[in-house]
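What follows is a set of notes on a single structure, which appears directly below.
In this note's numbering, the protein residues as written are 540 to 1032.
Following this line, the structure appears as structure tokens:
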């Protein structure tokens, strides 16, 4: 749904005084998403930058409609770079988070080495994750979405020859762009301590190697040249390296961890024809957090948000686990419904497409099932008529659980034949002394016990029942402490 545009009265310009943008379906605005039922009011008179940005938004959307979503990833990214304005790209860390970025309306996204290391390994971004792991994760991400993805190539995982292999691998994985930095190995997160950079000449040769790898592959992947020399050496060093990267053929320039708005302006003034990338590290990095309009005014073209998705995911999982540990389930508003989750993951789309490939065998089987159900339904309708119920009342199908046979192979009766009339009582007492479970089930329904208490999965309940078949009620079959410290007791009543 396109945002509604509402013009009001007053102001220096009587006919275009203000613009209110409202949305209930979270469309993108200047690359950033308007939240549900949130109103944005933009004064066109008081802030000419915003008026300019709105015009650019209209042009960008018109350009997007003229292109197919099937265009090559690198071509799609270069088209975005040619569009006016600044463009936001959240950082994803797996296929699901990438799908959510696309569904939110963003034109492209980044893959974050920091977040992938956290999600895949549960480890900090200090150079522990390998090229192969990043490549595998990246391929899962690019295959899940139709928007272009800029991959985090770290420092190329070695020398210039390693950089060539990395670039070719990222091209094969479906990335639209790749970020290459000039840190030594092992590298570190850009806003953390202890970073060091390789010498100037080596840094430049790595970018040239990336350009050569692109040519050799017949690709047009976007090369984003990043330097960490601002914190490792000085601002002047980082500006010098970016000029050299631009001369070597880099498509986008990126200085990480700039320390002020003035430094950001100085960066955007060099090599003016080459797009600049900003990194808005949420939660408190070294770079000031500016809104998209401010970044556009300074001169940035791309802006990444590396921690929003992984940070929000960590917080949500911690909250959910705290609820579960307290004997509750997460509140409804803290997570999507099951139906919403299925829709996000594509269950409904899968079912529709599955029908397209249904074979005659599938159809015959389906017909047989339908015929069987029809016969059962007719019988049920006849029965309901005799009982005075409406034929439209729901029919309940009773599935008989697996029970142990009362008869032996020779038709004789054995002691276990009476077990079905007995009851198992399962009691669990937490290590804190509070009762967590006290349930009774038919003793013959052994298959369902492990669904209730997984800790009983390795216990031969059948053998215990055989031994206790002639016991008087109240026989204790089990009493042990599980791995969680809870006491589990099973009685035959």
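The beta-carbon is built from N, C-alpha and C at its ideal position, and this holds for glycine as well.
Of the candidates 696, 741, 739 and 758, 758 places its Cα closest to the Cα of residue 715.
Buried is the label assigned to residue 816, since at least 16 other Cβ atoms lie within 10 Å of its Cβ.
For the 8 Å CB-CB criterion, residue 649 and residue 710 do not form a contact.
As computed with DSSP, residue 964 is found in a beta bridge with 979 and 1030. Rounded to whole angstroms, residue 792 and residue 781 show a C-alpha spacing of 6 Å. Membership of residue 629 in the beta strand (DSSP E) is indicated by the continuous run 626 to 631. Along the length of the region 635 to 686, whole alpha helix (DSSP H) runs at least 4 residues long occupy 652 to 655 and 670 to 683, reported in chain order.
The alpha-carbon of residue 828 is positioned some 11 Å away from that of residue 798.
Counted as a single uninterrupted DSSP element, the beta strand (DSSP E) harbouring residue 794 occupies residues 791 to 794.
DSSP places residue 806 in the uninterrupted alpha helix (DSSP H) bounded by 800 to 808. Residue 747 is positioned such that its CB atom lies no closer than 8 Å to that of residue 693. Exposure of residue 979 is indicated by the presence of fewer than 16 other C-beta atoms within 10 angstroms of its C-beta.
The beta-carbon separation of residue 975 and residue 1025, rounded to 7 Å, stays under the 8 Å limit for a contact.
In the structure shown, residue 819 adopts coil according to DSSP, grouped into three states. Ranking 677, 850 and 764 by CA distance to the CA of residue 718 puts 764 first. Annotation for residue 641: 684 and 686 place their beta carbon closer than 6 Å to its own, counting only its chain and skipping 5 residues before and after. Taking a C-beta distance under 8 Å as the contact criterion, residue 845 and residue 818 qualify as a contact pair. For residue 851, the three-state secondary structure derived from DSSP is helix.
Across the structure, residue 770 and residue 741 are spaced so that their CA atoms are roughly 18 Å apart. For residue 802, the closest alpha carbon among the candidates 721, 837 and 632 is that of 837. One thing to note: residue 754 has its Cβ no nearer than 8 Å to the Cβ of residue 620. Counting the other Cβ atoms within 10 Å of the Cβ of residue 674 gives 16 or more, which makes it buried. By the Cβ neighbour-count rule, residue 831 is buried, with 16 or more other Cβ atoms within 10 Å of its own. For residue 744, the CB contacts under 7 Å within the same chain, skipping 5 residues up- and downstream, are 699 in chain order. Taken atom to atom, the span from the alpha-carbon of residue 752 to that of residue 624 is near 30 Å. With a threshold of 16 other beta carbon atoms within 10 Å, residue 682 falls short and is exposed.
Counting along the chain, no alpha helix (DSSP H) covers residue 766; the unbroken beta strand (DSSP E) around it starts and ends at 761 to 766.
The closest CA to that of residue 639, considering only 813, 848 and 992, is found on 848.
DSSP, read as helix, strand or coil, puts residue 1014 in strand. Pairing residue 860 with residue 868, the inter-Cα distance amounts to about 9 Å. The beta-bridge partner set that DSSP reports for residue 893 is empty. For residue 843, the beta-bridge partners assigned by DSSP are 628 and 818.
Inter-residue distance for residue 695 and residue 884 is about 33 Å (C-alpha atoms, whole angstroms).
The Cβ-Cβ distance between residue 806 and residue 834 does not fall below 8 Å. Residue 660 and residue 961 have their alpha carbons spaced roughly 49 Å apart. Distance from the CA atom of residue 879 to the CA atom of residue 854, rounded to whole angstroms, is 20 Å.
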